[in-house]
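If you count the sequence shown from 1, position 139 lands on 138 in numbering that gives the first Met the number 0, and the numbers rise without skipping.
Cβ coordinates follow ideal geometry from the N, Cα and C atoms, glycine included.
Report on the following structure.
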Amino acid sequence: MSWDQYITTLKADSQVEEAAIWGCDKGAESKWAGGPGLDSITADEIKKLAGDRSAFRQCGPHISGKKCMLLTDNMDAEGIYCLNLKTAADADGNRYSICVGKTNKGKTGREGDTERERERERQCALCCCCKVDLSHPHVCLSVCLSVSTALIIAKGTKDANGGHLAEQVFKIVKYLREAGY
């Protein structure tokens, strides 16, 4: 399964309008997948989301150039890993929920890795065409040995509930974290 299939999985939910996945390692910020509605996210916006978020309560972040207000920051909280935002009103007065989830640092064969993690990395290093199968215990990610942290971003529909959006993002974040990503 490619990164685009994670976007498809997120957007299959009727309350998710757009989604994107960005690599957020310092100096290597890059878009891995995403729909046209979040195409204008910038590397600078990703740096701010992945960095020090302490000023977000007074001066919220921007996503695709749209000013957002911080609702909750649980990105570093065990079992949550999400940041919940609300966009400023658009020309029609609509405000949208946005959820940003963060994966953890991937393992690269360091001391303390489990045998399963080491075996997965050996298999990944040998793959010529990485695929991800959510139902299979071996997960092979095409960039698992180079970029190790990602932000999963989902924008809800006009009437989307922020809590529901966070649940959808968390499912992907949890899966990637359990896969050692």
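Item: Closest Cα partner of residue 41 within the set 34, 28, 35; Value: 28
Item: Rounded separation between residue 125 and residue 47 - CA only; Value: Note that residue 125 scores 38 on pLDDT, short of 50, meaning its location in the model is unreliable; the coordinates nonetheless yield the value given after this. When rounded, the distance between both Cα atoms is 35 angstroms.
Item: Extent of the continuous alpha helix (DSSP H) run through residue 72; Value: No alpha helix (DSSP H) contains residue 72, which is instead part of the beta strand (DSSP E) from 65 to 73.
Item: Whole-angstrom distance between residue 86 and residue 92, CA atom to CA atom; Value: 10 angstroms
Item: Which of helix, strand or coil DSSP assigns to residue 28; Value: coil
Item: Nearest-angstrom Cα separation, counted from residue 57 out to residue 2; Value: 34 angstroms
Item: Selected residue, minimal CA-CA separation from residue 172, among 103, 154, 162, 156; Value: 103
Item: Residue from 163, 78, 39 with nearest C-alpha to residue 175; Value: 78
Item: N- and C-terminal bounds of the beta strand (DSSP E) containing residue 155; Value: 149 to 155
Item: Own chain, CB closer than 7 angstroms to residue 50, minus 5 neighbours either side, in chain order; Value: none
Item: DSSP state of residue 40 mapped onto helix, strand, coil; Value: coil
Item: Residue nearest to residue 82 in terms of C-alpha spacing, selected from 165, 10, 25, 30; Value: 165
Item: Exposure label - residue 63; buried when at least 16 CB within 10 Å; Value: buried
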